[in-house]
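**Student:**
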Amino acid sequence: MRIASLLASATEMVCALGLEDQLVAISHECDYPPEVMDRPRVSRPRFDPAGMTSGAIDAAVRQAMDRH
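Counting in the numbering used here, the sequence shown runs from 1 upward without gaps.
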């Protein structure tokens, strides 16, 4: 089986079940466990929310959604 995890919590669950050797890709948000950090990243953020207010984040998300 080959597993691509798109959620950090799902990555942790896969590893907790002892299936980290089946994990072939992870999301940009995955940072645990350290054993899977070498896997390819299959997602990326559309903007950097650092320093943004919640209103600015909401506006950025809406703008990104309007483009698709």
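C-beta atoms are modelled at their ideal positions from N, C-alpha and C, and glycine is treated no differently.
Report the option in Ala10, Ile26, Met52 whose CA atom is closest to the CA atom of Pro40.
**Tutor:** Ile26
**Student:** Let me know if Ser9 comes out buried or exposed under the rule of 16 or more other beta-carbons within 10 Å of its beta-carbon.
**Tutor:** exposed
**Student:** Taking just the CA atoms, how far does Cys15 sit from Glu35?
**Tutor:** 9 Å
**Student:** Hey, quick one: how far does the alpha helix (DSSP H) through Ala50 stretch, first residue to last?
**Tutor:** Per DSSP, Ala50 belongs to no alpha helix (DSSP H) and is neither H nor E.
**Student:** Ala60 and Phe47: beta carbons closer than 7 Å?
**Tutor:** Result yes, Cβ atoms of Ala60 and Phe47 sit closer than 7 Å.
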